[in-house]
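Numbering (our numbering), first residue to last: 196 to 737.
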Ligand code: AMP
């Protein structure tokens, strides 16, 4: 017997329709790339998106065609985003922080036909456009008055391009499993891999994100996604905010501490989201100016592990609740949020901070397990760590063109490449990336745990731990450190500090002091490069 409910395809553009009808006047405030603050609302975004869809159609863009964006978070990016979706084309967000050749490679792999680009990135596009034969037109997200001279043949200003048509356009309807968007993984090894979101996965994922134990977002919020739309599906902010009718405060190109502080305070932001590096900058700025955050209630921190000191400062000094979150491009991206279940409500002080250092528990739609190398499930005791695997309706089933098939198994489990333990209540804590974990004498040592301990030393600015080949133990940890300016820690003082705080056999065999630790375009430590730098290193006495 079949259910007798309607088949109402879960299409992303229904989200902007909902926002237009029920939250039409809600403000979308952007710092424009040209400078001034710009104000609009969901009703206007919806109308403009229809105009964009109609104009794209005039350019010959069809269902399933890829349309790239290389842009900051602004209202124009939102208009383009929904215009692409409502036509049935596929948005493809490009990360401008990647190497130019890598961007060209990605655009060719996706066969992007059009590109929406911000003024900031025009020189970058000028450098690579000739290498992307599929690219027919470049729409610069500005107006004619601000359009610079460019050697690009097919570059047009967005405002004038869009105004060639009106907004009388009916959204296309199609199967909810159709591709909606693409985002390539940052790829610390090998070529980047294309993740392809569907309309259905984006809608279900946004519904999961909004839940009270996840971001708990509502029409009463003024949300500022500092995380750019080009990182991991923009952490779903372009979907979840209009879905619940939250105001959007969009920081544009202003990513420094002062600009972010200005938007947070002047626009009375209640929730914001970004990677830890952004929050370090903001906290430094707050300290410099002796500032306060009277309206901000929640800050979402993810992308890499949130240092305890950030959580403590936000909560104790500024009265802002920290939501530590974990996710991946392949998961749309949300996997877990560390919200507090009633069983843990009594925790306070250090114990609460211990809990908040964990990445948290998943929403409905994310299944999770940890396994050993032979795929045997491991216990959820909060200690035993293993490979973290996930599945669900907003988790990739494959990469574009079938690359990286080894990450998926026959039962649809996706191997995240993270190593984690899980406690009895389902709270997950990442202990490493699978390729970074140090395998010593058949046991695993968590490089992240050693790094966290090392950076809690007053004289350490940044730390990275890598495994170095060892004749007896297979691998042993080498601790690489950047000293804080003006301090002179020694190997002995660091090791003495760490001693007694971790198992004896976890202690690094040596400490190397460096001026720089390499990072990827998304701010993660690039251990492949570090391992390459230390490839000729051997431990004293081996
Ligand atoms: P990306 O797809 O570029 O967002 O990278 C996803 C990876 O970032 C995950 O597999 C983790 O290794 C890492 N990551 C994301 N959030 C966290 C977090 N809260 N703590 C530790 N690692 C994280």
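Positions of the beta carbon are idealized from the N, C-alpha and C atoms, including for glycine.
Contact check for residue 577 against residue 616 passes: the beta carbons are separated by less than 8 angstroms. Relative to ligand 1, the beta carbon of residue 720 is positioned no closer than 7 angstroms to any heavy atom. Closest option to residue 697, judged by alpha-carbon separation, among 644, 679, 480, 664: 644.
For residue 342, there is no enclosing beta strand (DSSP E), as DSSP marks it with neither H nor E. In this structure the segment 269 to 277 touches the segment 438 to 458; the number of beta carbon pairs closer than 8 angstroms is three or more.
The beta-carbon distance between residue 674 and residue 703, rounded to whole angstroms, is 4 angstroms. This is short enough to meet the 8 angstroms contact definition.
Here residue 315 carries a helix assignment [DSSP, helix/strand/coil]. Between ligand 1 and residue 366, a heavy atom-to-CB distance of less than 7 angstroms is absent. Per the coordinates, the alpha-carbon of residue 386 lies some 17 angstroms from the alpha-carbon of residue 591.
Relative to ligand 1, even the nearest heavy atom lies 7 angstroms or more away from the CB of residue 248. Distance from residue 660 to residue 642 at the Cβ level is roughly 4 angstroms; contact confirmed, criterion being Cβ atoms closer than 8 angstroms.
Taking the CA atoms as reference points, residue 338 sits about 40 angstroms from residue 588.
A buried status is given to residue 671, since no fewer than 16 other beta-carbon atoms sit within 10 Å of its beta-carbon. When secondary structure is reduced to three states using DSSP, residue 225 falls in the strand class. Under DSSP, residue 735 shares a beta bridge with no residue. For residue 645, the uninterrupted alpha helix (DSSP H) run begins and ends at 642 to 650, by DSSP. Cβ-Cβ separation between residue 293 and residue 286: approximately 17 angstroms, too far for a contact (criterion under 8 angstroms). Nearest to residue 710 by alpha-carbon distance, out of 232, 683, 416, 694, is 683. Taking 8 angstroms as the upper bound for CB-CB distance, residue 208 and residue 414 are not in contact here, some 20 angstroms apart. Apart from the 5 residues on each side of it in sequence, residue 250 sits with its Cβ closer than 7 angstroms to the Cβ of 356, 357, 359, 360 in its chain, given in chain order. Distance from the CA atom of residue 232 to the CA atom of residue 716, rounded to whole angstroms, is 28 angstroms. Per DSSP, residue 516 is one residue of the beta strand (DSSP E) stretching across 516 to 522. Taking the Cα of residue 720 as reference, the smallest distance to any Cα among 653, 619, 581, 472 is reached at 472.
Ranking 483, 686, 432, 256 by CA distance to the CA of residue 495 puts 432 first.
Here residue 533 carries a coil assignment [DSSP, helix/strand/coil].
In chain order, 737 place their CB closer than 8 angstroms to the CB of residue 666, counting only its own chain and leaving out the 5 sequence neighbours on each side. Taking a C-beta distance under 8 angstroms as the contact criterion, residue 594 and residue 663 do not qualify as a contact pair. The beta-carbon separation of residue 533 and residue 553, rounded to 5 angstroms, stays under the 8 angstroms limit for a contact. Distance from residue 215 to residue 241 at the Cβ level is roughly 4 angstroms; contact confirmed, criterion being Cβ atoms closer than 8 angstroms. Per the coordinates, the alpha-carbon of residue 379 lies some 43 angstroms from the alpha-carbon of residue 691. Relative to the non-hydrogen atoms of ligand 1, the Cβ of residue 480 never comes closer than 7 angstroms to any of them.
Taking a C-beta distance under 8 angstroms as the contact criterion, residue 392 and residue 527 qualify as a contact pair.
For ligand 1, no non-hydrogen atom lies closer than 7 angstroms to the CB of residue 507. In the DSSP assignment, residue 234 falls outside any alpha helix (DSSP H) and within the unbroken beta strand (DSSP E) covering 232 to 236.
Only residues of its own chain outside the window of five on either side were considered, and among them none has a CB closer than 6 angstroms to the CB of residue 482.
In this structure, the straight-line span from the alpha carbon of residue 267 to that of residue 313 is close to 7 angstroms.
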